[in-house]
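Notes follow once the structure below has been shown.
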Amino acid sequence: VLPTAPITTLAATGDTTMKAATQSFFRSSVFQLENCSGACTGQDVGYTAAGAYMLFNVDAPAAGEYTVAPQISGGSAAGGLDQISFSVLVDEKPGTTFTRGGGTGGWQTWVQLAGQGVHLEKGLNKVKLLANTGGMNFDYLKFTTPVQTRDLSFAPVVEVRCTAAKEFVGVTVKNTDSI
45 VLPTAPITTL AATGDTTMKA ATQSFFRSSV FQLENCSGAC TGQDVGYTAA GAYMLFNVDA
105 PAAGEYTVAP QISGGSAAGG LDQISFSVLV DEKPGTTFTR GGGTGGWQTW VQLAGQGVHL
165 EKGLNKVKLL ANTGGMNFDY LKFTTPVQTR DLSFAPVVEV RCTAAKEFVG VTVKNTDSI
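For our numbering, count along the sequence shown from 1 and bump the result up by 44.
Written out as structure tokens, the structure is:
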């Protein structure tokens with residue numbers, strides 16, 4: 045049986061950053077915590093291997109497409125021939141996959157990858173970070189709450205008035221919707 049705490053509650057607006065070392069509630073045994081430096085503070089999760097994973101409890105304020113942007117490092121040269129890849133799953137369903145050619149140029153050379161969309165339901169979501177390859181360290185996952193939008197389209201009411209002699213008098217368009 046897996047433990048169920050802690051729970052990270054995402055902000056209703058803006059960004060919420062989840063540190064991999066402290067906010068994951070389960071890590072495969074291959075992962076190890078290590079002190080980090082540079083753009084990373086505290087500890088990171090390293091010693092990755094294909095198939096290793098971390099689990100997070102994420103409480104979303106609303107259902108929607110959230111942007112997730114991870115900060116990682118990798119020992120090999122950036123743009124090298126090797127490839128690092130990991131996936132984010134939500135409640136065991138595919139969310140998104142990050143792939144990078146080469147590392148970041150050093151185990152403590154941190155890069156925040158461009159955000160990608162992942163769907164979260166309102167309430168508790170079990171988020172899994174799954175290493176598809178080894179050769180990287182994880183610092184955090186940054187979730188950005190989607191901007192709530194409203195469809196401002198409207199169905200106009202059109203009135204056309206003509207006289208008995210079939211002369212055009214005028215057209216009135218009214219928007220009956222309100223914001």
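We put the CB at the ideal spot given by N, CA and C, even for glycine.
Checklist entry - Relative to the alpha-carbon of Ala93, which residue among Gly139, Ser129, Trp154 has its alpha-carbon at the smallest distance? => result Ser129
**Prompt:** Going by alpha carbons, who is nearest to Ala55 out of Gln67, Asp103, Ala64?
**Reply:** Asp103
Taking the beta carbon of Pro114 as the centre, do at least 16 other beta carbons fall within 10 Å, making it buried, or is it exposed?
Classification for Pro114: buried.
With three or more C-beta pairs closer than 8 Å as the rule, is the stretch 166-173 touching the stretch 95-110? yes
#### Entry: Own chain, CB closer than 7 Å to Glu78, minus 5 neighbours either side, in chain order
Gln87, Asp88, Gly90
What does Phe182 pair with, by DSSP beta-bridge criteria? Val89, Ile116
Do you know whose CA, among Phe75, Arg71, Asp183, Ala106, lies nearest His163's CA? Ala106
What residue from Gln152, Phe187, Gly108 has the CA that sits closest to Cys84's CA? Gln152
| From Gln67, Met98, Arg144, Lys63, residue whose alpha carbon lies closest to that of Leu73 | Before going further, note that residue 73 is Ser rather than Leu in the sequence given. Checking every option, the nearest Cα to that of Ser73 belongs to Met98.
By Cβ distance, which residues of its chain are closer than 8 Å to Pro138, with the 5 residues on each side in sequence left out? For Pro138, where only same-chain residues beyond five positions count, the Cβ hits under 8 Å are Ser131.
Open item on the list: Can you give me the C-alpha to C-alpha distance between Gly119 and Gly146, rounded to a whole angstrom?
Closed with: 9 Å
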